[in-house]
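Peer 1:
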Amino acid sequence: MIPWQRIDVAPLPPAPTARGAAPAPAELTLWQRGDELAIRIGGTELMNSRQHHSEDQLGQLACAHLSRGHVARVLIGGLGMGFTLRAVLDALGPKAQVEVAELSPAVVRWNREQLGALAGHPLRDSRVQLIEGDVGARLGRGPVYDVIVLDVDNGPAALTAAGNRRLYERDGLAVISGSLRPRGVLAVWSVTDDPRFSKRLRSAGFDVLRHHVRARPNAGAIHVLSIATKVEEEVRAGRAEGGPGRGQPGRGQPGRGQPGRGQPGRGQPGRGPGRAEGGPGPGRSSGPGRSSSSGPGRSSSGPGRSSSGPGRSSSSGPGRSSSGSGPGRSATQGAGSSGERRRGR
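If you count by the working numbering, then the sequence shown holds residues -18 to 326, one letter each, in order.
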């Protein structure tokens, strides 16, 4: 077997917090074995060039509601190995504007050099604006977006950097909601399921669908993708008064029709998101993989994503786990289990 070789090392930038910068956990390293590349923090693999199916699905599901003719504005937190950015670009039209925030200068440099060809050099696309800094600095201060994608740390329930917690708490979600246009979408990657996070999203005024997706098309750990659609103010008011309100989820389309019975979509095993949870009724969804939810989770052994680290969001962290059961299984399997790789972004 070809041994892994370390080809570069860089300090991990500190993660911003409400009280200043949190100390960086360790060095960020780039490794190569044959044509396989990996980013690690310490001994933890964040991302791997052979396990990016959940990142691809994250970008596709986030933009599934947009037509190619729409002049969309998208913000991505976390560059990683460029796979999520590539999926977003492929889903959008020629006049779209995509901002990607990456905290680690090393990850940016690697994406321009060793990692660039993996996803077809997405940073060279004229639609892309690279922001070398924390994604949180763009929220609530800049323009409003059609889509915000958070590929930061390991998600809300398995953080490797405390500074990333602010993005997933109530106040952070309120700022994100204010940065989205009506019916805008927040897409969040997570290594494991977190019902409390889904509850916070709903309290912040989002309809939520969770997708459970493999790290690879037919194998690997199960990751969780939360696709949250911003509910219009009049609909929220109608729901608060006890009426169904316009835009209740139904039949696989978030925010349309009457609420379904909550049965999961059937999904195509191993080819796109697995069974949907928390979403519309029994009909098939229009998103990739015919599932009403999506879901690549991140592995527990791989590098996590953190707003301080490179990789997925303002932080670091690629890495998908190679464990888990068959494609498209429920969220209770796979994510967070022993043997998975966890990304520390």
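Heads up, the beta-carbon is just placed ideally off N, CA and C, and yes, glycines get one too.
Quick caveat, the model's predicted, so the values are computed rather than measured.
(1) How about the stretch 146 to 160 and the stretch 59 to 72: do they share at least three Cβ pairs that are nearer than 8 Å?
(2) Please tell me whether Val133 and Gly58 are closer than 8 Å, where the distance is taken between their beta carbons.
(3) Ignoring anything shorter than 4 residues or poking outside the stretch 83 to 111, list the alpha helix (DSSP H) runs there in chain order.
(4) Measuring alpha carbon to alpha carbon, tell me which of Leu11, Val52, Ser179, Arg93 ends up nearest Gly23.
(5) Starting from Gly37, follow the alpha helix (DSSP H) in both directions and report where the run begins and ends.
(6) Near Val125, what residues of its chain come up, given a Cβ to Cβ distance below 7 Å and the 5 sequence neighbours on each side ignored?
(7) Among the residues of its own chain, which have a CB less than 6 Å from the CB of Gly40, if the five just before and after it don't count?
(8) Where does Ala168 sit, in a helix, a strand or coil, going by DSSP?
(9) Beta-carbon within less than 8 Å of Gly74's beta-carbon, same chain only, minus the 5 sequence neighbours each way: which residues are those?
(10) Taking the beta strand (DSSP E) that Lys211 belongs to, which residues open and close that run?
(11) Quick check: what's the CA-CA separation for Ser272 versus Arg93?
(12) In the DSSP assignment, find the unbroken beta strand (DSSP E) run with Ile(-17) in it and report its ends.
(13) Within 8 Å, do at least three Cβ pairs link the stretch 21 to 36 to the stretch 172 to 190?
(14) So Ala196 packs on His34, CB below 8 Å; how close in whole Å?
(15) When the Cα of Val109 is compared with those of Val89, Val81, Gly117, which residue comes out closest?
(16) Grouping DSSP H, G and I as helix and E and B as strand, with all else coil, what is Arg119?
(17) Taking all protein chains shown into account, do 16 or more other C-beta atoms lie within 10 angstroms of the C-beta of Gly15, making it buried, or fewer, making it exposed?
(18) State the Cα-Cα distance for the pair Pro103 and His193, rounded to the nearest angstrom.
(19) With distances taken Cα to Cα, identify the nearest neighbour of Glu113 among Ile(-12), Gly101, Leu84, Ala168.
(20) Here's the rule: buried if 16 or more other CB atoms are within 10 angstroms of the residue's CB, otherwise exposed. What is Trp(-15)?
(21) Helix, strand or coil: which one does DSSP assign to Val69?
(22) Go to Leu9, then tell me how far its alpha helix (DSSP H) extends in each direction, as first and last residue.
(23) Rounding to the nearest angstrom, what Cα-Cα distance links Leu96 and Val116 in this structure?
(24) So, for Ala77: in the same chain, excluding its five sequence neighbours on each side, which residues have a beta-carbon less than 6 Å away from its beta-carbon?
(25) In three-state DSSP terms, what is Leu(-7)?
(26) Going by alpha carbons, who is nearest to Ala209 out of Ala100, Arg90, Glu8, Arg181?
(27) Quick one: give me the first and last residue of the beta strand (DSSP E) that Val55 is part of.
(28) Rounded to a whole number of angstroms, what is the C-alpha to C-alpha distance between Asn145 and Ala138?
(29) What residue does the beta strand (DSSP E) around Leu154 start on, and which one ends it?
Peer 2: Judging by the given coordinates:
(1) no
(2) yes
(3) 86 to 93
(4) Leu11
(5) Looking at the sequence itself, residue 37 is Asp, so the reference to Gly does not match. 34 to 43 is the extent of the alpha helix (DSSP H) around Asp37.
(6) Ser160, Leu161, Arg162
(7) Thr65, Ala68, Val69
(8) strand
(9) Ser48, Arg49, Gly50, His51, Val52, Ala53
(10) 200 to 211
(11) No answer about Ser272 holds up, because its pLDDT of 39 lies below 50 and its placement is not dependable.
(12) Element bounds for Ile(-17): n/a, residue is neither H nor E.
(13) no
(14) 6 Å
(15) Val81
(16) helix
(17) exposed
(18) 26 Å
(19) Leu84
(20) exposed
(21) helix
(22) Element bounds for Leu9: not the alpha helix (DSSP H) but the beta strand (DSSP E), 8 to 14.
(23) 21 Å
(24) Ala53, Arg108
(25) coil
(26) Arg181
(27) 54 to 58
(28) 11 Å
(29) Per DSSP, Leu154 belongs to no beta strand (DSSP E); it is in the alpha helix (DSSP H), 151 to 159.
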